[in-house]
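A.B. asks:
Protein chains in written order, with our numbering: chain A, 1 to 335; chain L, 1 to 299; chain G, 1 to 316.
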């Protein structure tokens with residue numbers, strides 16, 4: 001663990017609430033996370049857990065009118081991004097922080113050539129000329145494993161396969177050599193074989209460039225092989241975080257275990273049903289008092305429903321649970 | 001040419017462009033809102049005045065007051081007089097008769113002919129549909145205003161001819177709209193259910209399809225009526241509508257055009273009447289349409 | 001170019017039907033059109049000659065075939081009022097209508113595109129709401145009313161521009177533009193209203209798409225995102241609409257040409273209708289319809305240029 005290197009990005013108590021007719025929706029509700037150079041932080045959770053909003057909050061990519069209130073700090077390479085003027089954030093976006101989105105079928109502009117979409121970020125941020133931008137674009141396409149880059153630069157997105165397009169969006173995100181890459185479900189829309197290729201590619205590029213990566217996904221299987229650290233989000237909050245290996249081997253939060261049990265395993269007997277988590281995620285407009293997972297938690301006790309557990313622990317492994325796994329069962333009054 | 005969002009579907013876009021759907025739709029909500037009722041109020045006022053014109057204490061629209069030629073508003077002539085001393089208020093109210101008659105009857109005829117054909121095309125599909133759509137497309141690519149000019153020039157400038165001419169032009173529009181609605185409707189559960197119980201096609205068309213496509217056709221009719229009124233106005237303005245003894249908004253405006261440099265009010269008053277009427281029809285139509293759309297969305 | 005062939009096949013019956021209808025119009029007229037044109041003093045011989053000239057003495061199908069065959073060779077006959085050939089009359093009037101159309105379209109698009117983009121970017125904002133109301137009012141103004149209002153404002157009250165009349169471009173460029181300004185404005189204002197609202201609607205949908213978020217994530221300036229990334233995929237309805245208007249205006253803005261006394265195709269048509277000049281009417285209508293249909297086809301082909309996806313489907 002390269003504990004001595006300072007984090008590229010450090011969020012503290014980050015909060016993003018959306019305005020709804022029923023009141024503020026607490027999409028991200030006090031999240032503190034950081035990521036160091038060359039390392040990959042995975043953020044997992046069900047859809048609606050706030051992980052995508054968290055990622056977009058970092059770079060201010062949320063519709064401004066939808067936001068009710070924000071809070072907390074986002075420190076990126078010494079620069080405070082939370083509440084920074086749009087021009088400052090725009091200068092960071094694309095140049096120092098790259099982003100990859102979920103669906104490569106829709107995240108490329110259908111009526112512009114790949115080359116244009118790949119070079120205009122460089123030309124804008126770095127002020128490189130046309131020829132130089134082309135040259136770098138070819139190198140980037142090669143780096144992400146696209147054969148015959150010269151031809152691909154002249155192609156339109158619809159001429160490329162899904163995996164190829166995701167490689168292109170990765171190349172776009174890397175165009176200005178960012179120190180942080182935000183990847184929002186980058187493999188969800190892809191075939192399984194392509195998924196692992198893209199994950200390996202991201203890992204290789206991260207190590208080559210000593211770049212920090214935040215990988216958001218709902219898939220524990222994706223997280224297992226490709227992240228160094230892990231944060232599990234539930235209902236707008238982090239419920240467990242730590243080194244990926246530790247979280248997997250010494251799981252403390254019941255929600256994390258439920259997610260792990262939902263991974264399809266190769267050794268499962270045919271017809272064996274995957275474990276699913278009963279119930280629905282809570283309303284983020286009017287979240288339950290106490291632990292937000294309590295209504296669905298098999299171990300919940302009275303205390304869980306009354307008091308919110310703090311995120312605490314030792315050796316970088318922290319969890320928010322009154323009765324963590326590995327500790328004795330809560331009193332019989334539980335259910 | 002089946003999916004073009006044609007703003008020129010009806011009469012002469014240059015005379016009155018109508019809007020492609022859902023662009024200007026006011027916010028759909030459960031209430032109709034004050035704007036809608038103001039529009040309806042204006043239309044009702046114009047309608048009542050036009051219907052009762054001969055009972056009202058108005059001056060004869062065709063008897064000149066030679067003591068006041070091209071005079072501004074006064075106690076005798078509330079809106080003033082035109083170049084030959086005709087009372088403008090009276091002429092505008094009588095003119096409303098022509099405009100409203102054209103708007104109402106041409107659209108009703110167009111609807112009565114076009115809608116059943118469209119429903120049949122959309123319900124039975126196949127060769128019937130192909131033939132009807134080809135004819136409708138041909139009619140639509142024929143310049144509407146030219147057809148109107150032609151009919152009135154050669155068949156006589158009578159109110160009936162104008163109403164029929166405009167009705168002819170609107171038939172393909174209602175046909176397409178009714179077909180499109182029927183296509184959607186024919187896949188709905190209740191229509192499928194009616195068909196599966198063995199009801200005859202005509203019965204299903206009459207009992208299930210017709211009542212369901214009528215609201216949106218009538219709503220579109222309001223917008224179409226506005227276009228019809230503008231078309232008649234344009235014909236009148238060019239001297240190709242009813243003869244000038246019968247006042248129409250278009251021919252009052254055309255008459256006032258000679259005096260536009262000295263008395264712009266003669267042009268202005270009938271223009272305002274026409275604008276408000278067209279505006280009210282558009283507003284009311286859009287309002288109803290956005291409500292129907294919203295309801296359709298929730299179903 | 002499979003696409004083009006398909007469209008042509010689709011359009012052929014429409015064109016045939018419309019041209020036949022145009023031709024047949026003459027036949028359904030009450031009375032004898034030749035007699036009606038020549039007047040009661042004309043001799044029986046003169047009437048017979050005219051009837052022969054316009055094919056009234058033959059069965060309709062054979063006369064139509066004859067007319068169509070000649071039309072294919074660029075011969076639409078001669079006006080029996082002035083003796084001028086229909087084609088040369090059109091050639092004379094067309095430049096005026098085309099100039100008017102171009103001015104109106106350029107003016108319309110030049111205002112509507114930026115306004116449409118802006119109102120989409122700030123949808124539901126103050127400017128957007130105000131513009132929506134204004135647009136709605138503008139399209140409720142019939143063109144002759146709008147034209148007269150412009151006359152009242154500019155030549156009458158402000159004493160600029162002329163009320164009507166036409167100066168040929170070869171005569172004086174300044175004078176020509178002066179005579180064209182109000183007509184072009186009359187046509188452009190409602191187009192601005194419609195174009196900007198249509199573009200706004202499509203643009204709002206585009207701005208919600210992932211590729212726009214992606215462009216934002218690249219840190220590009222807002223104007224680049226709006227005009228380089230979002231405008232083109234949002235412009236298809238606008239192009240269709242503008243194309244249809246071009247088709248319509250090529251054959252003359254009848255009311256506006258009449259109002260401002262411009263000698264365009266629309267005016268030609270109105271005057272030949274007034275004069276019951278049947279050969280001229282048939283010729284002009286046929287021209288109008290063919291142009292309209294051809295522009296429709298052109299708009300379809302334009303999609304291929306704008307949208308690479310359809311281009312490659314067509315090539316496949």
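Virtual Cβ for every residue (Gly too), placed ideally from N, Cα, C.
Taking just the CA atoms, how far does residue 214(A) sit from residue 40(A)?
C.D. replies: When rounded, the distance between both Cα atoms is 6 angstroms.
A.B. asks: Return the CA-CA distance between residue 148(A) and residue 232(A), expressed in angstroms with no decimal places.
C.D. replies: Each residue's Cα considered, the two are about 40 angstroms apart.
A.B. asks: Chain A partners of residue 229(G), CB-CB under 8 angstroms?
C.D. replies: Near residue 229(G) (Cβ distances below 8 angstroms), the residues of chain A are 109, 112.
A.B. asks: Does the distance from the C-beta atom of residue 273(G) to that of residue 281(G) stay below 8 angstroms?
C.D. replies: For residue 273(G) and residue 281(G), yes; Cβs fall inside 8 angstroms.
A.B. asks: For residue 194(L), collect the residues of the same chain with a Cβ closer than 6 angstroms to its Cβ; drop the 5 residues on either side in sequence, then sort them by chain order.
C.D. replies: 204, 208, listed in sequence order.
A.B. asks: So, helix, strand or coil for residue 234(A), using DSSP?
C.D. replies: In this structure, residue 234(A) counts as strand in the three-state DSSP scheme.
A.B. asks: Counting contacts by CB-CB distance shorter than 8 angstroms, is residue 246(L) in contact with chain G?
C.D. replies: It does not: the Cβ of residue 246(L) has no partner Cβ on chain G nearer than 8 angstroms.
A.B. asks: On a CA-only basis, which of 189(L), 54(L), 172(L), 94(L) is nearest residue 131(L)? Give me that one, please.
C.D. replies: Among 189(L), 54(L), 172(L), 94(L), the Cα nearest to that of residue 131(L) belongs to 172(L).
A.B. asks: Is there a C-beta anywhere in chain A that falls below 8 angstroms from the one on residue 220(G)?
C.D. replies: Residue 220(G) counts as touching chain A.
A.B. asks: Can you tell me the Cα-Cα spacing of residue 284(L) and residue 215(L), whole angstroms?
C.D. replies: Cα-Cα distance, rounded: 13 angstroms.
A.B. asks: Suppose the cutoff is 6 angstroms on Cβ atoms and the five residues either side in sequence are ignored; what does the same chain contact list for residue 242(A) look like?
C.D. replies: Hits under 6 angstroms: 316, 317.
A.B. asks: Determine whether the Cβ of residue 313(G) lies closer than 8 angstroms to any Cβ atom of chain L.
C.D. replies: Because the pLDDT at residue 313(G) is just 47, under 50, the model does not fix this residue reliably, and the value given afterwards should be weighed accordingly. Not an interface residue.
A.B. asks: Would you mind stating whether residue 33(A) and residue 285(A) have Cβ atoms separated by less than 8 angstroms?
C.D. replies: Contact: no.
A.B. asks: Suppose you measure from the CA of residue 53(L) to the CA of residue 95(L); what does that come to, to the nearest Å?
C.D. replies: So the alpha carbons of these two residues sit roughly 10 angstroms apart.
A.B. asks: Would you call residue 252(L) buried or exposed, if buried means 16 or more other Cβ atoms sit within 10 Å of its Cβ?
C.D. replies: By the neighbour-count rule (16 or more Cβ atoms within 10 Å), residue 252(L) is buried.
A.B. asks: Taking the beta strand (DSSP E) that residue 97(A) falls in, what are its first and last residues?
C.D. replies: Looking at the DSSP string, the run of the beta strand (DSSP E) that includes residue 97(A) is 97-100.
A.B. asks: With 16 other CB atoms within 10 Å as the buried threshold, where does residue 66(G) fall?
C.D. replies: Answer is exposed; the Cβ neighbour count stays below 16.
A.B. asks: If we ignore side chains and look at the alpha-carbon of each, how far apart do residue 146(A) and residue 165(A) end up?
C.D. replies: Taking the straight line from one Cα to the other gives about 10 angstroms.
A.B. asks: By DSSP, does residue 57(G) sit in helix, in strand, or in coil?
C.D. replies: Coil, per DSSP.
A.B. asks: Check whether the Cβ atoms of residue 175(L) and residue 225(L) sit closer than 8 angstroms, and answer yes or no.
C.D. replies: Against a cut-off of 8 angstroms, the Cβ pair of residue 225(L) and residue 175(L) comes out as no contact.
A.B. asks: Measure from the C-beta of residue 257(L) to each C-beta in chain G and report whether the shortest distance is under 8 angstroms.
C.D. replies: Yes, its Cβ sits closer than 8 angstroms to a Cβ of chain G.
A.B. asks: How long is the line joining the alpha carbons of residue 16(G) and residue 74(G), rounded to whole angstroms?
C.D. replies: Residue 16(G) and residue 74(G): Cα-Cα distance of roughly 17 angstroms.
A.B. asks: Please check if any C-beta of chain L sits within less than 8 angstroms of the C-beta of residue 97(G).
C.D. replies: No - not a single Cβ of chain L is within 8 angstroms of the one on residue 97(G).
A.B. asks: Chain G partners of residue 172(A), CB-CB under 8 angstroms?
C.D. replies: Near residue 172(A) (Cβ distances below 8 angstroms), the residues of chain G are 214, 218.
A.B. asks: Beta-carbon separation of residue 163(L) and residue 106(L) under 8 angstroms?
C.D. replies: Yes, these two residues count as a Cβ contact at 8 angstroms.
A.B. asks: Touching or not, the segment 101-115 of chain A and the segment 154-174 of chain A, by the rule of three or more beta carbon pairs under 8 angstroms?
C.D. replies: The answer is yes - the segment 154-174 of chain A touches the segment 101-115 of chain A, with three or more Cβ pairs under 8 angstroms.
A.B. asks: Given 8 angstroms as the limit, is there contact between the segment 246-266 of chain G and the segment 129-146 of chain G, that is, 3 or more CB pairs closer than that?
C.D. replies: Counting Cβ pairs under 8 angstroms, three or more are found: they touch.
A.B. asks: Does DSSP put residue 5(L) in a helix, a strand or coil?
C.D. replies: Here residue 5(L) scores only 31 on pLDDT, less than 50, and its place in the model should not be relied on; the value that follows carries that caveat. Here residue 5(L) sits in coil by DSSP.
A.B. asks: Could you confirm whether any beta carbon from chain G is found closer than 8 angstroms to the beta carbon of residue 121(A)?
C.D. replies: Residue 121(A) counts as touching chain G.
A.B. asks: Is it buried or exposed, residue 192(A), if we count other Cβ atoms within 10 angstroms and call 16 or more buried?
C.D. replies: By the neighbour-count rule (16 or more Cβ atoms within 10 Å), residue 192(A) is not buried but exposed.
A.B. asks: Residue 292(G) touches chain L at which residues, Cβ-Cβ below 9 angstroms?
C.D. replies: Chain L residues near residue 292(G): 141, 142, 143.
A.B. asks: Grouping DSSP H, G and I as helix and E and B as strand, with all else coil, what is residue 69(A)?
C.D. replies: In the structure shown, residue 69(A) sits in a strand (DSSP, three-state: E or B).
A.B. asks: Per DSSP, residue 363(A) is paired with what?
C.D. replies: Only positions 1 to 335 of chain A appear in the structure, and residue 363(A) is not among them; the question remains open.
A.B. asks: Only counting runs of 4 or more residues, tell me where the alpha helix (DSSP H) segments fall wholly within the segment 106-187 of chain G, in order along the chain.
C.D. replies: If we require 4 residues or more, the alpha helix (DSSP H) runs fully inside the segment 106-187 of chain G come out as 126-139, 143-151.
A.B. asks: In chain L, what lies closer than 8 angstroms to residue 270(G) by C-beta?
C.D. replies: In chain order: 149, 238.
A.B. asks: Could you run through the segment 150-165 of chain G and flag, in chain order, every residue whose CB is less than 7 angstroms away from some CB of chain L?
C.D. replies: Going along the segment 150-165 of chain G in chain order, one finds 151, 152, 156 with a Cβ nearer than 7 angstroms to chain L.
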